[in-house]
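Novice:
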Amino acid sequence: MNRTAPTLPVAAAGDADGKLRDVDGLRVDALLPAPAVQNHAANLCVLPDGTLACVWFAGTQEGVPDISVWMSRLEAGSDAWTEPVQLSDDRTRSEQNPVLHVVDDHVVWLLWTSQRAGDQDTARVCRRISHDGGRTWGDGHVLIRETEAGGVFVRQPIMRLPSGRLLLPIFHCVRVPGSRWVGDRDDSAVLISDDAGATWREVAVPDSVGCVHMNIGRLSDGTLVALFRSRWADSVYRSVSHDDGDTWVTPAPTEVPNNNSSIQFVVLDGDRLAMVFNDSSAADATARRLSLYDEIDEDGGLTAPGEPGEARSTDVETTGRTAFWGAPRAPMTLALSDDGGVTWPHRRDIETGDGYCLSNNSRDGLNREFSYPSIVATETGLHVAFTRYRQAIEYVRLQANWVSEETA
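Add 60 to a position in the sequence shown, counting from 1, and you land on the number used in my numbering.
Structure, rendered in structure tokens:
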């Protein structure tokens, strides 16, 4: 395993000019222009004209009502990402986790979540539709409403099967009466549409409490592989479906650690899987937060700006099986699997650091996480985007042989 990340020419959010910089012939880096003090949760998508688009959320701090969705573009042949444009603007809710989906040569969907303050159990999923390949957008509307049981969240792209079936992975942020949401009971499901998104039905992933951010890929034999983030901050979990998503096996832990932060993978030629993730878990933590939002009040205000979140014991055996927040969000690692995601023997770090995330504060530079990666593959290489210190979105383009058996 290669644990060494190269020294980068871009080292701070002050360099967030969007310009591509060659690192070593196999790697190109950029920091996307940052429209606000906090920038997080990138998702990449190749638009119909070949443009690479990146969407993320930006504002004061996650959970604050000024958080909204932004998009930047990297045109084919360009040496810089464009200045971002704002694509959502609900002044009463925090708008997060944007995802793009290309319907055809003209139509593109933008999905995102919308919640009150740090209460993910109030989340709903909204959508805007573009009819010119992502250049302009129609009005926003609610696609999936919150339920009596809690909120509905998205993070990963829609999967379109050869039959035309759409699979939209969601997770339920389950409400606990008398308590604020902390993620202890979250679980996963798939929304299935066989009529191009006109109607949807829900298929639950069995025994998936604690497994969220379901990411689906399709192998050449039709097997659907799903990988999950773990609320318990122990391992990346894996499930499969052999009937186009109508049923799923119970998620099981893999050999890959997880820190209760997002992962994403893509299926390459020959059924090789490439995944970006944080190679860390609760076992690497020296402190623990009460929740992701322990600096946000019920109205979305900052209750203790500049202060790190409250720490608590990492002894899960004595505190019960609860969501673990605060495990280091670093390194940012690229891994390859040749057996459908069961094992991941080839790994190389894209970025390294201490991954401090006991605070989401971006204004005072307290957060030092590399997190929430997205990955797509094109003929020009592997494209990765992720959060850098919650101050900017970092983009990396890697050649296919950057991670190989020879360098791993």
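Ideal placement from N, C-alpha and C gives every residue a C-beta, glycine not left out.
All values reported here derive from a predicted model rather than from experimental measurement.
From the DSSP output, in three-state form, read off residue 330 for me.
Specialist: helix
Novice: Measure the C-alpha to C-alpha separation of residue 349 and residue 95 and round it to an integer number of angstroms.
Specialist: 28 Å
Novice: Suppose the cutoff is 6 Å on Cβ atoms and the five residues either side in sequence are ignored; what does the same chain contact list for residue 459 look like?
Specialist: Hits under 6 Å: 86, 441.
Novice: Look at residue 293 and residue 275 and say whether their C-beta atoms are less than 9 Å apart.
Specialist: no
Novice: Measuring only the C-alpha atoms, how far is residue 72 from residue 117?
Specialist: Low per-residue confidence applies at residue 72: pLDDT is 46, beneath 50, and the placement is therefore not dependable enough to give any value.
Novice: Using a 10 Å radius around the Cβ and a threshold of 16 neighbouring Cβ atoms, would you call residue 311 buried or exposed?
Specialist: buried
Novice: By the DSSP assignment, the beta strand (DSSP E) with residue 229 in it spans what residues?
Specialist: 226-234
Novice: Spell out a yes or no on whether the segment 289-309 and the segment 409-417 are touching, meaning 3 or more CB-CB pairs, one atom from each, closer than 8 Å.
Specialist: no
Novice: Would you mind working out which of 394, 219, 263, 123 sits nearest residue 157, comparing C-alpha positions?
Specialist: Comparing Cα positions, the closest option is 123.
Novice: Can you tell me which of the three DSSP states residue 320 falls into?
Specialist: Looking at residue 320 - three-state DSSP - the assignment turns out to be coil, as it is neither helix nor strand.
Novice: Kindly list the residues whose CB is nearer than 8 Å to the CB of residue 302, restricted to its own chain and excluding five residues on each side of it in sequence; keep chain order.
Specialist: 282, 283, 284
Novice: What do you get for residue 447, buried or exposed, if any count of 16 or more other CB atoms within 10 angstroms of its CB means buried?
Specialist: Around the CB of residue 447, 16 or more other CB atoms lie within 10 Å, so the residue is classed as buried.
Novice: Quick check on the burial criterion: 16 or more other C-beta atoms within 10 angstroms. Buried or exposed for residue 76?
Specialist: buried
Novice: If I measure Cβ to Cβ from residue 165 and keep anything under 7 Å in the same chain, skipping five residues before and after, which residues do I get?
Specialist: 108
Novice: Can you have a look at residue 346 and say buried or exposed, based on whether 16 or more other CB atoms are within 10 angstroms of its CB?
Specialist: Answer is exposed; the Cβ neighbour count stays below 16.
Novice: For the segment 420-438 and the segment 389-405, state whether three or more C-beta atom pairs, one from each stretch, are separated by less than 8 Å.
Specialist: Enough Cβ pairs lie closer than 8 Å, so yes.
Novice: Comparing the CB of residue 431 with every heavy atom of the ligand ZN, is any distance shorter than 8 Å?
Specialist: With respect to the ligand ZN, the structure offers nothing, as it holds no ligand at all.
Novice: On a Cα-Cα basis, can you pick out the residue from 149, 131, 150, 148 that is closest to residue 141?
Specialist: 131
Novice: What first and last residue would you give for the beta strand (DSSP E) that runs through residue 157?
Specialist: 154-162
Novice: Rounded C-beta distance between residue 248 and residue 236? I'm assuming under 8 Å.
Specialist: At roughly 18 Å, the Cβ-Cβ gap does not stay under 8 Å, so residue 248 and residue 236 are not in contact.
Novice: Tell me where the beta strand (DSSP E) around residue 288 begins and ends.
Specialist: For residue 288, the uninterrupted beta strand (DSSP E) segment begins and ends at 284-290.
Novice: From the DSSP output, which residues share a beta bridge with residue 82?
Specialist: 88
Novice: So is residue 393 buried or exposed if we call it buried at 16+ other beta carbons inside 10 Å?
Specialist: buried
Novice: Please go through the segment 409-461 and give each complete beta strand (DSSP E) segment of 3 or more residues, from N-terminal end onward.
Specialist: 430-438, 441-448, 452-458
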